Amino acid sequence: MSEPLIRLENVTKSYPGTEAPAVGNLTLDVYEGEVLVLVGPSGCGKSTTLRLINRLIEPTNGRIFLKGEDVTDIDSSQLRRKIGYVIQQVGLFPHRTIAENIATVPKLLGWDKVAIASRVDEMLDLVSMDPAVYRDRYPKELSGGQAQRVGVARALAADPDVLLMDEPFGAIDPITRDRLQNEFLRLQQDLKKTIVFVTHDIDEAIKMGNRIAILREGSEIAQIDTPEVILSDPADEFVENFLGSGAILKGLTLKKVRDIDLHPIPALEMPVMRDEALRVLEESPEKTAVLLDKDHRPLRWISEASLNRTSQPIEKSGKPITIDLQPEDTLQDALGVMLQSSVGMAVVVDRSGKYLGCCSIESLASLIISDSGGASSS
Amino acid sequence: MTVVSPPRVERSSLAERLDLIVAPIFAIILAVIGGAVWLYSDIDDTTRAILAPEKLQNQLVQTLVLGFASSALVILIAIPIGIAVTRKGLPRLKNFLVDTLGLAQALPAYGLIVLFFSWFGAGIGTVIVALATFSLLPVLRNTIVGLEQVDNAVIEAGRGMGYTKRQVLFEIELPLAVPVIIAGIRTAIVINIGMAALAFLIGGGGLGETINSGLKLDRNPAILIGAVLVAILALIFDFLSAVAQRYLKPKGM
Amino acid sequence: MDFLERWWTFVSTRGDQIQSALGEHTVYVVTVLGLASVFSISLGIATRRNVLARELSLAVTSVFLTLPSLALFTIFIPLVGLGFAPSFIALFLYSLLPILRNTITGLDGIDQSVLESAKGMGLTPRQVLVTVQLPLAWPVILAGIRVSSMLIVGIAAIATLVAGGGLGDFIKSGLARLPLPNSLESIWTGTILCLLLALVIDLILQALKRATISKGIR
Chain A
1 MSEPLIRLEN
11 VTKSYPGTEA
21 PAVGNLTLDV
31 YEGEVLVLVG
41 PSGCGKSTTL
51 RLINRLIEPT
61 NGRIFLKGED
71 VTDIDSSQLR
81 RKIGYVIQQV
91 GLFPHRTIAE
101 NIATVPKLLG
111 WDKVAIASRV
121 DEMLDLVSMD
131 PAVYRDRYPK
141 ELSGGQAQRV
151 GVARALAADP
161 DVLLMDEPFG
171 AIDPITRDRL
181 QNEFLRLQQD
191 LKKTIVFVTH
201 DIDEAIKMGN
211 RIAILREGSE
221 IAQIDTPEVI
231 LSDPADEFVE
241 NFLGSGAILK
251 GLTLKKVRDI
261 DLHPIPALEM
271 PVMRDEALRV
281 LEESPEKTAV
291 LLDKDHRPLR
301 WISEASLNRT
311 SQPIEKSGKP
321 ITIDLQPEDT
331 LQDALGVMLQ
341 SSVGMAVVVD
351 RSGKYLGCCS
361 IESLASLIIS
371 DSGGASSS
Chain B
379 MTVVSPPRVE
389 RSSLAERLDL
399 IVAPIFAIIL
409 AVIGGAVWLY
419 SDIDDTTRAI
429 LAPEKLQNQL
439 VQTLVLGFAS
449 SALVILIAIP
459 IGIAVTRKGL
469 PRLKNFLVDT
479 LGLAQALPAY
489 GLIVLFFSWF
499 GAGIGTVIVA
509 LATFSLLPVL
519 RNTIVGLEQV
529 DNAVIEAGRG
539 MGYTKRQVLF
549 EIELPLAVPV
559 IIAGIRTAIV
569 INIGMAALAF
579 LIGGGGLGET
589 INSGLKLDRN
599 PAILIGAVLV
609 AILALIFDFL
619 SAVAQRYLKP
629 KGM
Chain C
632 MDFLERWWTF
642 VSTRGDQIQS
652 ALGEHTVYVV
662 TVLGLASVFS
672 ISLGIATRRN
682 VLARELSLAV
692 TSVFLTLPSL
702 ALFTIFIPLV
712 GLGFAPSFIA
722 LFLYSLLPIL
732 RNTITGLDGI
742 DQSVLESAKG
752 MGLTPRQVLV
762 TVQLPLAWPV
772 ILAGIRVSSM
782 LIVGIAAIAT
792 LVAGGGLGDF
802 IKSGLARLPL
812 PNSLESIWTG
822 TILCLLLALV
832 IDLILQALKR
842 ATISKGIR
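Protein chains in written order, with this note's numbering: chain A, 1 to 378; chain B, 379 to 631; chain C, 632 to 849.
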């Protein structure tokens, strides 16, 4: 491993009046380009640790290094302009437009107006929000998910090497959270920032992290390693308890939908004639096909039986498709969706909703079996 | 379980609009009354002397000077104190200040003005200091409340992004506290212009002089016109402050 | 201190004067508060459903508070003469807003679910008002009465300027005789007694609060 990008060395944070320190003699390295997740029970000190990195909380003892440089004593405001910071309640400035919000750090750093304006648009595009629509809006006009997207855009505006995120998706509904997590993972693939991410949710940690640090009280590291190692080899009882039961099931969060071979279910794109549909269904092994609209988006599950049973047009036969998966979704999500679906399968779509293929329980099961077979032999 | 929630600071848009209409209407009604009195009542020479235009003009200017000087003084003192006291680490001082000043509200302004006179002598300066003392509370309290109600998440985000403490104060806290602070300043201006009417007691001039002459010489028209003039003045400045309040509100709130 | 001694002499030799001035002042405060409370609370109840009427009442009563005290005390003189009448009217108009505003916010701030369950149990609107809403809004209304009382105690000192009596008399006579002996003591007496009266009224209102507010919502 190369030199760590961030290093907390023997860092302690104690508050007057409380015996046990919030962070006790912690030494932690974060490497360039990785997503390190700090996870642990409430009150273990993970948020405090995060805020020691950008010195929103000053250490009582110890040194902090960024890119090899000792930043423990430098001007903290200057330090923070080089680090992106995203918090759960977002904290967008309500009295400023979205563009002004995003432009905050570039402005502090003295970028010129033209550069700032184009950067703002670039950032809005990055988080999939149309600049023309959102640039001049105010935070109060945004939904929770949109607000957090702007929060991320704002944090990345000055192109920091490091991004600190404190339960960023915690205040968002589960469906939007899932989507945001996936988008964020896609973003990270392109940007390759160094990210320290705090969460209390072990599933989120496994999904998002390249390495996970499981923390005990006092921010003491119980185990720090890749998700695979932690799941297959928990260091002690604390880690085991924190992981919860069903490590194999948890292991499903390690694999993504894109890791499975998609099932070759035939797709019929509207408009399609009944005869042709029947022919295709005849040839397909499961006698099932996916009906797509003219934009290549999945509409319904069609089967031979359902088609023959009714004289209705094709668009009304079979069962509607109400849920879908994306390639970044974990296999755990996939299992849930497949169990809900009436045909024991789930459609996989890309980021614009277009059909990619199907995911079946059988292929999932064979992946689990081959994996656990591999694990037990190591 | 709290069954009654604390009063909302927000006002409906109807309330805001009425705010801007009712005061001017009142001012007009008063002006009409004053005009009617001038035209239809018995204006003898004494009354005419009391109501001489140059006199009234002087007094008007005096009242304005007193009202604004004391308001400016209050703003210069109260806002910095309000800021200082809401910084981290001073909650007890803040509570103490708010409690004592709350009690000070029951002190008669009349008494205060006279006491200041006994200490500092006659004149405009004394009146200004006395008025400022009296209107200190609304501005101080509103500065404190306004700063405290700023969402902590926004402040944390600002600090986390690299704003210095000073920048957080000026770029985030103060702009977001402005509506509440201006409401306090508006109250102070109204109090000060109103109380400036008492300046005559200690040789500070002002429109109260006309009212007082009317009282002493038993000339009702003078009393009424003096009262109407000072009332209209206060209403005009209340209206102007309400307009300022509306237009200084940051967009997006 | 020398001054305190002199002040004590002043106060102890003028028991009658102090009593009568204090009495007059108290009469102002009590009668005005009583009438204003009845008026404002009724107005608040009457207009609570009609947004226009409610905002209009709030706007008008707050204009009263904007009017300079000397102006309000003197403007009614041509109509009612000097003395108690104009002072009472002015103080009455001043004290309306805080009570009205708090009545409205108090009634507004009641949890909707409580009102709904009351209605659901078969209480008529009037019964809901009397047995549920008013008791629950009472703490807030009382707070408004308290604000008004503080306001009035201080402003009532001006009554002396229109021959209305009250503690302002001490201030006026002190001012007239400055810098003669006992003038300063006179001024302080008027001022401090106002403050003391305010404290006493505050204590009474707090006791009233404890006595009339159910333990459940304190």
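Using N, Cα and C, we set each Cβ at its ideal position, and we do this for glycine too. None of these values were measured; they are calculated from a predicted model.
Beta-carbon proximity of residue i to residue j, cut-off 9 Å
i: L66 of chain A; j: I83 of chain A; result: yes
i: A405 of chain B; j: L618 of chain B; result: no
i: P298 of chain A; j: D324 of chain A; result: yes
i: Q223 of chain A; j: I212 of chain A; result: yes
i: I321 of chain A; j: V272 of chain A; result: no
i: K840 of chain C; j: P770 of chain C; result: yes
i: P94 of chain A; j: A157 of chain A; result: no
i: L485 of chain B; j: I603 of chain B; result: no
i: V568 of chain B; j: L408 of chain B; result: no
i: Q148 of chain A; j: V90 of chain A; result: yes
i: L475 of chain B; j: I459 of chain B; result: yes
i: M573 of chain B; j: F512 of chain B; result: yes
i: I502 of chain B; j: Q440 of chain B; result: yes
i: G540 of chain B; j: L108 of chain A; result: yes
Where the alpha helix (DSSP H) containing residue i begins and where it ends
i: Y138 of chain A; result: Counting along the chain, Y138 of chain A falls outside any alpha helix (DSSP H), and DSSP gives it neither H nor E.
i: I676 of chain C; result: 646-677
i: K107 of chain A; result: 104-108
i: N530 of chain B; result: 530-539
i: P298 of chain A; result: Not the alpha helix (DSSP H): P298 of chain A falls in the beta strand (DSSP E), residues 298-303.
i: R732 of chain C; result: 715-739
CB contact below 9 Å: residue i versus chain B
i: S814 of chain C; result: yes
i: L760 of chain C; result: no
i: G795 of chain C; result: no
i: W819 of chain C; result: yes
i: P756 of chain C; result: no
i: I87 of chain A; result: yes
i: T644 of chain C; result: no
i: T199 of chain A; result: no
i: S341 of chain A; result: no
i: S671 of chain C; result: no
i: T705 of chain C; result: yes
i: I83 of chain A; result: yes
Any chain C beta carbon closer than 9 Å to residue i
i: I428 of chain B; result: no
i: L618 of chain B; result: no
i: L613 of chain B; result: yes
i: L417 of chain B; result: no
i: V452 of chain B; result: no
i: A575 of chain B; result: yes
i: V381 of chain B; result: In this prediction, V381 of chain B has a pLDDT of 39, which is less than 50 and means its spatial position is unreliable; nothing more can be read from the coordinates.
i: A401 of chain B; result: yes
Assumed close pair residue i, residue j - CB separation to whole angstroms, cut-off 8 Å
i: L52 of chain A; j: L8 of chain A; result: 6 Å
i: H263 of chain A; j: G336 of chain A; result: Going by Cβ atoms, the distance from H263 of chain A to G336 of chain A rounds to 18 Å, so no, they are not a contact pair.
i: L674 of chain C; j: L396 of chain B; result: At roughly 16 Å, the Cβ-Cβ gap does not stay under 8 Å, so L674 of chain C and L396 of chain B are not in contact.
Unbroken beta strand (DSSP E) run spanning residue i, endpoints
i: Y85 of chain A; result: 83-87
i: I212 of chain A; result: 211-216
i: M165 of chain A; result: 162-166
Neighbour flag for residue i against chain A, beta carbons, 9 Å
i: L626 of chain B; result: no
i: Y541 of chain B; result: yes
i: K466 of chain B; result: no
i: L392 of chain B; result: no
i: Q440 of chain B; result: no
Near the ligand ATP: residue i beta-carbon under 8 Å from a heavy atom
i: G251 of chain A; result: No copy of the ligand ATP occurs in the structure displayed, which carries no ligand at all.
Checklist entry - Just checking, does the segment 406-422 of chain B make contact with the segment 577-593 of chain B on the three C-beta pairs under 8 Å criterion? => result no
Next on the checklist: Quick test of the definition: if touching needs 3 or more C-beta pairs under 8 Å, does the segment 555-568 of chain B touch the segment 493-501 of chain B?
Outcome noted: no
Item to check | Contact between the segment 632-647 of chain C and the segment 694-707 of chain C (3+ Cβ pairs under 8 Å) | outcome: no
Checklist entry - Between the segment 802-822 of chain C and the segment 667-683 of chain C, are three or more C-beta pairs nearer than 8 Å? => result no
Checklist entry - Is there contact between the segment 272-284 of chain A and the segment 303-313 of chain A, where contact requires at least three CB pairs shorter than 8 Å? => result yes
Next on the checklist: With three or more C-beta pairs closer than 8 Å as the rule, is the segment 28-36 of chain A touching the segment 122-129 of chain A?
Outcome noted: no
Checklist entry - Touching or not, the segment 775-786 of chain C and the segment 755-762 of chain C, by the rule of three or more beta carbon pairs under 8 Å? => result no
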